[in-house]
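Undergrad: One gets our numbering by counting positions in the sequence shown from 1 and adding 539 to each.
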Amino acid sequence: MTTTSNLQNYDIQLADPRVSPEARRERMQNLGFGKVFSEHMIQVSYTPGRGWGRVALKPYGPLVLDPASSVLHYGQAIFEGFKAYRQPDGRIRTFRPDANARRFRQSARRLAMPELPEEIFVEAADLLIRTDRDWVPSAAGESLYLRPLMIATDAALGVDASRENLCLILASPSGAYFPKGVKPVTVWVSDEYVRAAPGGTGAAKCAGNYAASLIAQAQAKGEGCDQVVWLDAVHRRYIEEMGGMNIMFVYKEKGETVLVTPELTGSLLPGITRLSLLELAQDLGFKAEERRISVEEWGAALLEGRMTEAFACGTAAVITPIGTVKSRNGQWIINNRETGPVAARLREALLGIQHGTAPDPHGWMHTVC
Ligand SMILES: *Cc1c(COP(=O)(O)O)cnc(C)c1O
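Structure follows, in structure tokens:
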């Protein structure tokens with residue numbers, strides 16, 4: 540079956556048989572993160588000369604890939620992540636999908652891959668969400684997580700930017716990240732491994748960044764920590780990110796609350812949650828600053844009582860407070876290991892917009908259906 544939108548034609552092949560409502564309800568019980576997938580997925584392929592093909596909606600299922608596909612050998616792979624939320628009136632809206640579409644293009648450019656036009660990204664995701672709307676959960680904190688990705692599919696071992704590429708979008712109903720309430724984490728400041736270096740791929744959302752980070756994550760676990768904190772590759776002093784999330788600090792300066800986050804140096808991932816919280820902070824009457832902050836400053840500001848909170852932010856968990864910082868040079872406790880008031884207010888403000896229980900003054904929400 541083919542349907543037409545104002546942009547282009549879609550090829551639509553629905554799952555047969557469809558998952559029954561009972562089976563769907565069963566699969567959507569005790570949702571964690573990224574373990575359950577909806578019935579359909581999007582595929583769009585790129586071929587030189589022809590360019591982007593038609594957007595295809597297909598039943599979710601395995602891919603057939605030539606074992607020589609370059610993604611399997613040289614790791615040309617990028618991804619995105621954003622969420623669709625069921626609103627109080629039953630509609631479904633996504634949060635800033637245009638920003639993810641833009642970042643997907645930027646990641647593609649860095650990995651020498653073709654750039655998917657932003658309207659196709661957003662419209663294809665809308666088509667998937669509309670088709671699988673029953674897979675958008677409705678309980679507090681739950682959402683449908685969208686995972687666009689692109690892989691290089693040239694079947695050739697010569698090292699070269701792949702000419703053929705495949706874009707996919709998957710949808711995964713996801714539960715509240717902290718089902719038992721937000722709990723501050725313990726972090727390990729990695730002085731052995733780095734995530735990204737100047738001139739590298741740190742600002743691109745690419746698979747390789749994650750592959751290279753897993754050993755440090757394992758080391759953090761070994762030190763009794765939940766997550767790793769990354770330092771800059773050159774000085775090994777300036778804080779960059781926490782795991783796969785951006786990081787933020789709360790200072791009290793002359794009676795003012797100041798939200799500080801590392802500036803985008805090219806080796807940090809420009810998070811959309813980061814950007815949104817910087818704007819929300821100002822709405823809430825806080826100051827917001829983007830600048831470098833060193834580990835020494837982190838420790839000193841905590842000891843002097845100038846820093847009151849620290850937390851990480853990203854689409855999956857929204858805000859994760861940091862309760863304990865461990866490094867080879869010692870250990871600090873933040874805000875008595877409790878979620879601080881600034882993190883709590885920002886979290887509530889952002890979740891309110893996303894779940895449609897608060898107004899959306901910045902026009903961040905995109906109505907799907
Ligand atoms: C995706 C990601 C983030 C967070 O980005 P959001 O757009 O806020 O989800 C931060 N750091 C890394 C390394 C990431 O991959």
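Yeah, the Cβ is synthetic: ideal placement off N, Cα and C, and Gly gets one too.
Predicted model, so just to flag it, every value in this text is computed and none were measured.
#1: Since residue 853 contacts residue 806 with CB under 8 Å, what's their CB separation in whole angstroms?
#2: Look at the alpha carbon of residue 938 and the alpha carbon of residue 632, and state the distance between them as a whole number of angstroms.
#3: Do you know offhand how far residue 665's Cα is from residue 713's?
#4: Per the contact definition of three or more C-beta pairs closer than 8 Å, is the segment 614-621 in contact with the segment 647-655?
#5: Skipping 5 residues on each side, what residues in its chain have a beta carbon closer than 6 Å to that of residue 872?
#6: Can you tell me whether residue 800 sits near ligand 1, meaning its C-beta is under 7 Å from at least one heavy atom of the ligand?
#7: Determine whether the beta carbon atoms of residue 764 and residue 865 lie at a separation below 8 Å.
#8: Helix, strand or coil: which one does DSSP assign to residue 699?
#9: Flag residue 716 as yes if its beta-carbon sits less than 8 Å from any beta-carbon of chain D, otherwise no.
#10: Can you round the beta-carbon distance between residue 861 and residue 687 to whole angstroms, since I take them to be within the 8 Å contact cut?
#11: Tell me whether residue 829 counts as near ligand 1, meaning its Cβ is closer than 7 Å to at least one heavy atom of that ligand.
#12: If you run the structure through DSSP and keep just helix, strand and coil, what is residue 690?
#13: Report all residues from its chain with a CB closer than 7 Å to the CB of residue 747; omit the five preceding and five following residues, and keep chain order.
#14: Check whether the Cβ atoms of residue 702 and residue 587 lie closer than 8 Å to each other.
#15: Are the CB atoms of residue 735 and residue 689 nearer to each other than 8 Å?
TA: By the coordinates alone:
#1: Translated into positions along the sequence shown, residue 853 becomes position 314. Translated into positions along the sequence shown, residue 806 becomes position 267. About 17 Å separates the Cβ atoms of residue 853 and residue 806, ruling out a contact at the 8 Å cut-off.
#2: Nothing in the structure corresponds to residue 938, since the chain is present only between 540 and 908.
#3: Your numbering for residue 665 matches position 126 in the sequence shown. Your numbering for residue 713 matches position 174 in the sequence shown. Distance from the CA atom of residue 665 to the CA atom of residue 713, rounded to whole angstroms, is 18 Å.
#4: With the cut-off at 8 Å, the segment 647-655 and the segment 614-621 touch.
#5: As a working mapping, residue 872 is identified with position 333 in the sequence shown. Beyond the five residues adjoining it in sequence on each side, residue 872 comes within less than 6 Å, by CB distance, of 863 in the same chain, given in chain order.
#6: Sequence index remark: in the sequence shown, residue 800 carries index 261 (1-based). Not one heavy atom of ligand 1 sits closer than 7 Å to the Cβ of residue 800.
#7: As a first step, residue 764 must be located in the sequence shown, where it is residue number 225. As a first step, residue 865 must be located in the sequence shown, where it is residue number 326. Going by C-beta atoms, residue 764 is nearer than 8 Å to residue 865.
#8: Translated into the one-based positions of the sequence shown, residue 699 becomes position 160. If DSSP states are grouped into helix, strand and coil, residue 699 belongs with coil.
#9: Note that chain D does not occur in the displayed structure, where there is just one protein chain.
#10: On the sequence shown, position 322 is the one that residue 861 refers to. On the sequence shown, position 148 is the one that residue 687 refers to. Residue 687 and residue 861 do not touch by the CB rule: their CB atoms are close to 29 Å apart, not below 8 Å.
#11: As a position in the sequence shown, residue 829 is number 290, starting the count at 1. No, the beta carbon of residue 829 sits no closer than 7 Å to any heavy atom of ligand 1.
#12: Position 151 of the sequence shown, counting from 1, holds the residue named residue 690. If DSSP states are grouped into helix, strand and coil, residue 690 belongs with the strands.
#13: Here residue 747 corresponds to residue number 208 of the sequence shown, with the count starting at 1. 614 and 740, listed in sequence order.
#14: As a first step, residue 702 must be located in the sequence shown, where it is residue number 163. As a first step, residue 587 must be located in the sequence shown, where it is residue number 48. In contact: residue 702 and residue 587 (Cβ atoms closer than 8 Å).
#15: Taking the first residue of the sequence shown as 1, we reach residue 735 at position 196. Taking the first residue of the sequence shown as 1, we reach residue 689 at position 150. Taking a C-beta distance under 8 Å as the contact criterion, residue 735 and residue 689 do not qualify as a contact pair.
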